[in-house]
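*Asks:*
Number of protein chains: 2
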Amino acid sequence: MRDSPGVAVPRALAFDVFGTVVDWRAGVARESGQFLRAIGRAEVDAAVFADDWRARYQPAMAAVRDGARDFVVLDVLHREMLVDVLRAYDVDPGSLDGALLDDWARAWHRLDPWPDAVEGLARLRAHVPVVTLSNGNVALMLAIARRGGLVWDAILGAEVTQRYKPLPEAYTATAAILGVAPHELCLVAAHHSDLAAARDAGLLTAYVDRPMERGGAPAPDRHLRQSWEWQVTSLIDLAEQLHG
Amino acid sequence: MRDSPGVAVPRALAFDVFGTVVDWRAGVARESGQFLRAIGRAEVDAAVFADDWRARYQPAMAAVRDGARDFVVLDVLHREMLVDVLRAYDVDPGSLDGALLDDWARAWHRLDPWPDAVEGLARLRAHVPVVTLSNGNVALMLAIARRGGLVWDAILGAEVTQRYKPLPEAYTATAAILGVAPHELCLVAAHHSDLAAARDAGLLTAYVDRPMERGGAPAPDRHLRQSWEWQVTSLIDLAEQLHG
Chain A
95 MRDSPGVAVP
105 RALAFDVFGT
115 VVDWRAGVAR
125 ESGQFLRAIG
135 RAEVDAAVFA
145 DDWRARYQPA
155 MAAVRDGARD
165 FVVLDVLHRE
175 MLVDVLRAYD
185 VDPGSLDGAL
195 LDDWARAWHR
205 LDPWPDAVEG
215 LARLRAHVPV
225 VTLSNGNVAL
235 MLAIARRGGL
245 VWDAILGAEV
255 TQRYKPLPEA
265 YTATAAILGV
275 APHELCLVAA
285 HHSDLAAARD
295 AGLLTAYVDR
305 PMERGGAPAP
315 DRHLRQSWEW
325 QVTSLIDLAE
335 QLHG
Chain B
95 MRDSPGVAVP
105 RALAFDVFGT
115 VVDWRAGVAR
125 ESGQFLRAIG
135 RAEVDAAVFA
145 DDWRARYQPA
155 MAAVRDGARD
165 FVVLDVLHRE
175 MLVDVLRAYD
185 VDPGSLDGAL
195 LDDWARAWHR
205 LDPWPDAVEG
215 LARLRAHVPV
225 VTLSNGNVAL
235 MLAIARRGGL
245 VWDAILGAEV
255 TQRYKPLPEA
265 YTATAAILGV
275 APHELCLVAA
285 HHSDLAAARD
295 AGLLTAYVDR
305 PMERGGAPAP
315 DRHLRQSWEW
325 QVTSLIDLAE
335 QLHG
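Line order of the protein sequences matches chains A and B.
All residue numbers for the first sequence refer to this note's numbering, where the first residue is 95 and numbers rise by one.
All residue numbers for the second sequence refer to this note's numbering, where the first residue is 95 and numbers rise by one.
1) 7 angstroms is my cut-off, CB to CB: does B/Met-95 come that close to chain A?
2) So is B/Arg-148 buried or exposed if we call it buried at 16+ other beta carbons inside 10 Å?
3) Any Cβ of chain B within less than 7 angstroms of the Cβ of A/Val-282?
4) What residue range does the alpha helix (DSSP H) around B/Tyr-265 cover?
5) So for B/Gln-335, helix, strand or coil by DSSP?
6) Who are the near neighbours of A/Thr-299 in its chain, counting only those whose CB is closer than 6 angstroms to its CB and skipping five residues on each side?
7) Could you tell me which residues DSSP pairs with B/Thr-299 in its beta bridges?
8) Where does A/Thr-114 fall in DSSP's three states?
9) Please list, in chain order, the chain A residues whose beta carbon lies closer than 8 angstroms to that of B/Pro-223.
10) In angstroms with no decimal places, state the Cα-to-Cα distance between B/Ala-201 and B/Gly-296.
11) In the DSSP assignment, find the alpha helix (DSSP H) that holds A/Leu-289 and state where it starts and stops.
12) Pull up the CB-CB distance for B/Ala-157 and B/Glu-174, whole angstroms please, since I reckon it's below 8 angstroms.
13) Starting from B/Val-156, follow the beta strand (DSSP E) in both directions and report where the run begins and ends.
14) If we ignore side chains and look at the alpha-carbon of each, how far apart do A/Val-302 and A/His-172 end up?
15) Do the CB positions of B/Ser-328 and B/Asp-206 come within less than 7 angstroms of each other?
16) For a contact defined as C-beta to C-beta under 7 angstroms, what are the partners of A/Leu-279 on chain C?
17) Return helix, strand or coil for A/Ala-237, following the three-state DSSP convention.
18) So, helix, strand or coil for B/Phe-109, using DSSP?
19) On the DSSP letters alone, give me the boundaries of the beta strand (DSSP E) that A/Val-224 sits inside.
20) Could you work out which residue in B/Leu-218, B/Thr-226 and B/Gln-152 is closest to B/Asp-331 when comparing CA atoms only?
21) Give me the Cβ distance between A/Val-103 and A/Ile-238, rounded to the nearest whole Å; I'm assuming they're in contact under 8 angstroms.
22) Using C-beta distances below 6 angstroms, list every residue in its chain close to B/Ser-287, excluding the 5 sequence neighbours before and after it, in chain order.
23) For the beta strand (DSSP E) containing B/Val-326, list its first residue and its last residue.
24) A/Ile-330 by DSSP, collapsed to three states: which one?
25) Since A/Asp-139 is in the alpha helix (DSSP H), which residue starts that stretch and which ends it?
26) Which term fits B/Leu-244, buried or exposed, when burial requires 16 or more other beta carbons within 10 angstroms of its beta carbon?
27) Counting only the same chain and skipping the five closest in sequence on each side, list residues whose C-beta sits under 7 angstroms from that of A/Val-212.
28) What does the alpha-carbon distance come out to for the pair B/Ala-162 and A/Gln-335?
29) Could you tell me if B/Val-122 is buried or exposed, where buried requires 16 or more neighbouring beta carbons within 10 angstroms of its beta carbon?
30) For chain A, check one thing: does any of its Cβ atoms lie closer than 7 angstroms to the Cβ of B/Asp-247?
31) Hey, out of A/Leu-261, A/Ala-311 and A/Val-274, whose CA is closest to A/Arg-159's CA?
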């Protein structure tokens, strides 16, 4: 449904990626299951391992967002988070081959799009530019896009702006790079927290419902739900609501 | 011809855009002809006007490259260069509407690809990532790409690295963003000066011959000609040489 009839159609669409465009949990679980078997830990539930890895995401970015640490790309944080989660599973990362850890950390490069994403993006891109506004770095976004056949007009986001969401500059600098005003850019995301920050920064907002992002578990940010400009069940639904 | 048989195939291709992928002179002349007529200066040779505008390109970037000026995107420099070239034609820019000047400066957004570019890029992109490594900013590259149907895996270059070519960091930072070593990245360009700087920074090099870039006039950097890893007559030729 379109919550706010009469609102202007965006001049460009910026997408959150993890959870919104790709199914991070299934991909990280699939990849981690292979590595867990390779290190003799086949009994670990790979989906829970994926959740535990992802749980370190916001804390890992906090030091960069707060300025306590210079900007580093998400690939670096993902590897640090992996080392940390392995320790929590009583695995000594120092006992593992460095190349294996590098490859495992790049599990995030090998995620698959949700079933509607390729077609939905293509239909949207026929009308307006579609760009990434993810905390993932360029090489990570590029690998996911090439793997899944996602076509972006540009890969923007944290590495380009040197700001992690939900800092307001992550959103406003992306609009400035595109040469549009914040209110002409729409963030498309499956997360109320991301959309709330984008709205505070002046962007339009489109919520995509992804009930299986956490395997059906409730979203931790559901208390931040608002009436977004658009609420859709898929990127194809968004294309139909925006451009008919 | 392939000058250095046995050299490794690049893991990614980074493209100069103005002159290499798009015909800047014809596009800027076509656009400027319309504006010159609109301001009552139809007698001016629009192709010469385009050359005079482009002649201010290297001087405009020099202050930024030298650190005398903070980084500003090429859209800003293009507008300043336009004001300067108009004065050289005895036009008072202050007498013109600001919106007209903005639109005229965006003539560079409305350039067309060389006839081989769309197909050549698509064929190359089937094998390796293709990205822009232009001094043009993201909005400028994005507009050109959408107009002409060019599909890039990422728009990199000056705005992303905050460095104008031919500074070495413009090339090495682009490789780092892509997660490849400099010697795994190949610059594709129609300009020996650009390729020479890329080679000095450790990149592979592919020269595309574009004899009509300056309407048939000799290239100002022809004295920098070297034996590049690849020398091609079109992007389709490059695809055939690289991937058969």
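Note that beta-carbon positions come from the ideal geometry of N, C-alpha and C, so glycine has one too.
*Replies:* Reading off the structure:
1) Because the pLDDT at B/Met-95 is just 45, under 50, the model does not fix this residue reliably, and the value given afterwards should be weighed accordingly. Not one chain A Cβ lies under 7 angstroms of B/Met-95.
2) buried
3) no
4) 262 to 272
5) helix
6) Leu-281, Leu-289, Ala-292, Arg-293, Trp-322 and Glu-323
7) B/Leu-281
8) coil
9) Leu-236 and Arg-240
10) 34 angstroms
11) 286 to 294
12) Incorrect: roughly 10 angstroms between the Cβ atoms, too far for contact.
13) Note on residue identity: the sequence assigns Ala, not Val, to residue 156 of chain B. No beta strand (DSSP E) contains B/Ala-156, which is instead part of the alpha helix (DSSP H) from 151 to 159.
14) 25 angstroms
15) no
16) No chain C appears in this structure, whose protein chains are A and B.
17) helix
18) strand
19) 224 to 226
20) B/Leu-218
21) Wrong, their Cβ atoms sit about 27 angstroms apart, outside the cutoff.
22) Asp-315 and Leu-318
23) 324 to 326
24) helix
25) No alpha helix (DSSP H) holds A/Asp-139; DSSP gives it neither H nor E.
26) buried
27) Gly-242, Gly-243 and Leu-244
28) 49 angstroms
29) buried
30) yes
31) A/Leu-261
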